[in-house]
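Down below is the structure, laid out as structure tokens.
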Amino acid sequence: MAESEPTAPLDGAGAAMLDALFSQSLVGLHLLDTDLRVVRVNNATPAMRDVPVEDVVGHRVDEVYGLLDADEVLALLRGVLDSGVPLVAHVVRAHRRGDPHHQYFHEVSVFRLDTPSGDVLGLAVAVVEVTEREESRAREVVLEMTREHVGRTLDVLETCQELVDVLVPRVADIAVVEVVDAVLRGDHPPLAPLPPDVPLRRAAFRSGTDDSGTDANAPQAHPLGDVRALPGPTPYTQALSDLRPRAVASLDEDLPWLAADPARARAIRAAGAHTLITAPLTVRDTVLGLISLYRTRQGEPYDEDDVSLLLQVADHTALSIDNARRYTREHTIAATVQRQLLPRRPSSHPALETTPLLLPPDSGGQWYDTIPLSGARTGLAVGGVVGRGLHAAAVMGQLRTVVRSLAAFDVEPDELLARLNDTATFLAAERATLPTADPLHRQALAARFAYAVYDPLTLTCTVAGAGSPSLVVVHTDGRTEVRNVPAGSLLGSEDKTPFAATAFTVPEDSLLVLCDTPLPALVASGDADALRRLAEQHRGRRLEDLRDDVLYALAGTAEPGPTALLLVRTHPFPADRVGVWQLPDTPTVVATARRLVRDRLADWGVERETAHDTELIVSELVTNAVRYGSPPLELRVINDRALTCEVRDGSASTPRLRHASVVDEGGRGLFIVAQLAQAWGTRYTPEGKIIWTEQSPPPG
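Numbering (our numbering) for the sequence shown: 1045 to 1744.
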């Protein structure tokens, strides 16, 4: 420490000036000796004026002032004595004499007093009361915390819990939030005044025991989740009626309104609450709920500043709750639309069973489909629109309808994706023309999609995808393989890269896992436990149980999982329900074909009228193949969900339905077929084409 400059001894004028300083200073002054006892003091602050000077001088500061952190204050004072480093503008909390329930704040500056020779005389302490400033700062902190921590999620109950966590113990010892029950479902809140029969749900509760914990056993009028209308009249119902807060300075038993709500009155008495403030949660003259704050340990009653603070907190919370309500409403509508657009259940098939898994199940944009195709085949579709909510559900419905329409034309998976991408690109262009103020204008339209066609008669599967789809095949012997599905651009993107398809053999009794995104939990290198369990356990188990296993495996990975997934188990197609014949390319083959089909339909027990119609259909199809097609010729009939007739030839020429005039001698073959069959069409293969028809399924 630098050597002090020599000073003149204190003369009469100096002593007079020192007396004037202590008597006229607007700042509280203390002189303390090295034992921290008060040597001299003035009464410039209210806390000092409450204590007579004679009760202070000669005593240690912690003995005469109600310091809340006495040990900390003494340690700070001794630190200044030992080091000589001043303590400047340190805030100290204290109670006034005779008023232990009220807390005050003082800003303290401490300086060490030394003699010219360096001996320590004691401390000089300047004290300024800053209660109003600190309380204002505390309110600002609460507002800042409310804006930062309340409303981080689009969940009404979570938002209410975030609010009480901020308010306790900073503003209240007990905080309760009740919300109009309809708001939790996303419905429109009622207009003020709130009708007395409108039920409120107790959404959040917190009771503070100290600055670091809560009392889980604190008394409550009603448990969390309880739904009930508020009895009245009480300050709570009045606040919900005129949308103005109510502050009750003293909760004594003489208050007449306590009898209107006995359960709440019992909880107030059991908790020892002595003051209350309650305020409505409102948005645009509608009532969302109610905040109620109580003080039990904090002695000060709520004042106008507390009312103002609670109103600001309530405004922010109400907006957050209303945002969550709107999200809940849109989410509910989107989930409802999605449920209406999705198939009620996957299509059943003797050679195929499926079960879907959507993640999340109610986002609105994910979908699956199983589409019956000609020739006992099944189209398997999974996809997801990028985004969530009602707009994603609407786009999903449009794309699913297009997929169904394109599948009816028997196009290959890669061609189906190309045509589907044309539709998605058109929808994206329409979205781009929306007004700039429309939120959808800034959201690009994109979708993931995977489409596979399984043929149980040839045991082949052909698949193509947009995005990064995945396909896992689990064999009956426990082997698993991840098929390389060609990745394509997302639907709706500007990338013009053609889509590609791949075909492979699927043995009977295999399990397929088709997904519109990669499956990190099932195919991660070095960790194939989930996939191995799937391979070992899939035989003999319900497909729904396997779906749950996949869900649990996906939930355990930190990587993003798929959005739409379809589990498919293949079964052998009954051999006695298929008839296949190679036909010679001769004019007499028509009679042979009719006889073959007649005998097979008799074995199947097909009724006479249907069998006669089938013979006519086969006659016309074989005649056209002989006359306009090229060998080899093949006839196939399938007794499946429909009675299917197929004639294959080596020509790729497209047949055309004609409406012959009355004088024409030909041109009526396909017209007759179209009249007798429920559906007919052409399917092209690398070797030529197949003309097929479907009729009502035979009895049994």
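Where a beta carbon is used, it is the ideal one built from N, C-alpha and C, also for glycine.
{"Check": "Buried or exposed: glutamate 1173, going by 16 or more other Cβ atoms within 10 Å of its Cβ?", "Outcome": "buried"}
{"Check": "State the Cα-Cα distance for the pair isoleucine 1661 and leucine 1720, rounded to the nearest angstrom.", "Outcome": "7 Å"}
{"Check": "Less than 8 Å between C-beta atoms, sequence neighbours within five positions excluded: which residues of the same chain meet that for tyrosine 1020?", "Outcome": "Outside the displayed range of the chain (1045 to 1744) lies residue 1020, so it cannot be described from this structure."}
{"Check": "Under DSSP, the alpha helix (DSSP H) around phenylalanine 1470 begins and ends at which residues?", "Outcome": "1457 to 1476"}
{"Check": "Does the Cβ of histidine 1150 have 16 or more other Cβ atoms within 10 Å, making it buried, or fewer, making it exposed?", "Outcome": "buried"}
{"Check": "I need the straight-line Cα distance from leucine 1238 to arginine 1104, nearest angstrom please.", "Outcome": "58 Å"}
{"Check": "On the CB-based measure, 16 or more other CB atoms within 10 Å of its CB, does aspartate 1482 come out buried or exposed?", "Outcome": "exposed"}
{"Check": "Does glycine 1409 come out as helix, strand or coil in the three-state DSSP assignment?", "Outcome": "coil"}
{"Check": "Please identify the residue among Leu1434, Ala1438, Phe1493 whose C-alpha is closest to the C-alpha of arginine 1463.", "Outcome": "Phe1493"}
{"Check": "Classify arginine 1122: buried if its beta carbon has 16 or more other beta carbons within 10 angstroms, exposed otherwise.", "Outcome": "exposed"}
{"Check": "Among residues of its own chain, excluding the 5 on either side of serine 1514, which ones have a beta-carbon nearer than 6 Å to its beta-carbon?", "Outcome": "Cys1559, Pro1562, Leu1563"}
{"Check": "Using three-state DSSP, classify serine 1352 as helix, strand or coil.", "Outcome": "helix"}
{"Check": "Which same chain residues end up closer than 8 Å to proline 1275 when comparing Cβ atoms and leaving out the 5 residues on each side of it in sequence?", "Outcome": "Thr1281, Ala1304, Asp1305"}
{"Check": "Under 8 Å between C-beta atoms, does isoleucine 1716 make it to chain C?", "Outcome": "No chain C is part of this structure, which consists of one protein chain only."}
{"Check": "Please work out which residues of its chain come closer than 7 Å, Cβ to Cβ, to valine 1753, disregarding the five sequence neighbours upstream and downstream, and give them in chain order.", "Outcome": "No information on residue 1753 is available, as it lies outside the stretch 1045 to 1744 that the chain covers here."}
{"Check": "Nearest-angstrom Cα distance between asparagine 1668 and glutamate 1678?", "Outcome": "13 Å"}
{"Check": "Please list the segments of the alpha helix (DSSP H) lying wholly inside the segment 1304 to 1337, counting only runs of 4 or more residues, in order along the chain.", "Outcome": "1306 to 1315"}
{"Check": "Pop quiz: aspartate 1158 and leucine 1165 are said to be a contact at Cβ under 8 Å. What is the actual Cβ separation, rounded to whole angstroms?", "Outcome": "6 Å"}
{"Check": "Taking the straight line between their C-alpha atoms, what separation do you get for alanine 1309 and alanine 1265?", "Outcome": "8 Å"}
{"Check": "So the alpha helix (DSSP H) proline 1267 belongs to, where does it begin and stop?", "Outcome": "Per DSSP, proline 1267 belongs to no alpha helix (DSSP H) and is neither H nor E."}
{"Check": "How many Å lie between glutamine 1739 and alanine 1476 at the Cα?", "Outcome": "45 Å"}
{"Check": "Check threonine 1445 in the structure and name its three-state DSSP category.", "Outcome": "helix"}
{"Check": "Out of Val1430, Trp1724, Pro1387, Gly1522, state which residue places its alpha-carbon closest to the alpha-carbon of serine 1537.", "Outcome": "Val1430"}
{"Check": "Using a Cβ-Cβ cut-off of 8 Å (strictly less than) and excluding sequence neighbours within five positions of alanine 1046, which residues of its own chain qualify?", "Outcome": "For alanine 1046, the predicted structure reports a pLDDT of 44, less than 50, and the residue's modelled location is therefore unreliable. The matter cannot be settled from this model."}
{"Check": "Leaving out five residues before and five after threonine 1322 in sequence, what residues of the same chain have Cβ atoms less than 6 Å from its Cβ?", "Outcome": "Pro1279, Tyr1280, Ala1283, Arg1290, Ser1336"}
{"Check": "For the beta strand (DSSP E) that contains alanine 1170, what are its first and last residues?", "Outcome": "1164 to 1173"}
{"Check": "If you reduce the DSSP assignment to three classes, tell me which class valine 1194 lands in.", "Outcome": "coil"}
{"Check": "Roughly how many whole angstroms lie between the Cα atoms of aspartate 1009 and arginine 1328?", "Outcome": "Missing from the structure shown is residue 1009; the chain here goes from 1045 to 1744 and no further."}
{"Check": "Using C-beta distances below 7 Å, list every residue in its chain close to arginine 1486, excluding the 5 sequence neighbours before and after it, in chain order.", "Outcome": "none"}
{"Check": "Hey, which unbroken runs of the beta strand (DSSP E) at 3 residues or more fall wholly within the segment 1603 to 1670?", "Outcome": "1608 to 1614, 1622 to 1627"}
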